[in-house]
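A quick write-up on the structure given underneath.
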């Protein structure tokens, strides 16, 4: 198979970010994702149902990088989505990775104002793109 293949599936690697869940206000981190062999990615974040009637909500997500996937996490420049402020919404950001460290993780921050024990359905996904090598057929 060559780089001009119409089989887009060989050109991407889908990796979970944060698992879909109803979450309260706060921050959660995904597991480390090994991006070795890929030169770019798309970070997506999405909101789902809202409970507890908050008067305002926000979901922000960004990528951090680490050399070993365990320590020294730092924000990856240009790798944050525009915060979502409505339910049932999706946002994405394209990120170039040629100088990024080997491991990525998603840091997701939910803010909820007012309501009674409010939660927001939230999740994220990393789509790795631009593989160094196309897998053999």
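Numbering (our numbering), first residue to last: 99 to 235. We put the beta carbon where it would ideally sit given N, CA and C, even for glycine.
Look at residue 210 here: in three-state DSSP terms it is strand. Our two residues, residue 112 and residue 142, have alpha carbons roughly 11 Å apart in a direct line. The C-beta distance from residue 137 to residue 175 rounds to 16 Å, too long to meet the 8 Å contact threshold. Positions of the beta strand (DSSP E) runs, each at least 3 residues long and wholly inside the stretch 176-200, are given as 188-194 in order along the chain.
Around the C-beta of residue 212, fewer than 16 other C-beta atoms lie within 10 Å, and the residue is accordingly described as exposed. The Cβ neighbour count for residue 128, taken over all protein chains shown within 10 Å, is at least 16; the residue is labelled buried. Non-local beta-carbon contacts of residue 173 in its own chain, meaning distances under 7 Å to residues more than five positions away in sequence, involve 160 and 162 in chain order. Looking at 132, 124 and 122, the one whose alpha-carbon comes closest to that of residue 115 is 132. Listed in chain order, the non-local C-beta contacts of residue 154 below 6 Å within the same chain comprise 211, local neighbours out to five positions each way being set aside. For the 9 Å CB-CB criterion, residue 204 and residue 185 do not form a contact.
Relative to the Cα of residue 227, the nearest Cα in the group 135, 182 and 119 belongs to 135. Between residue 218 and residue 139, the CB-CB gap reaches or exceeds 9 Å. Distance from the Cα of residue 167 is smallest, within the candidate group 188, 178, 157 and 198, for 198.
Between residue 149 and residue 120, the gap from beta carbon to beta carbon is short of 9 Å.
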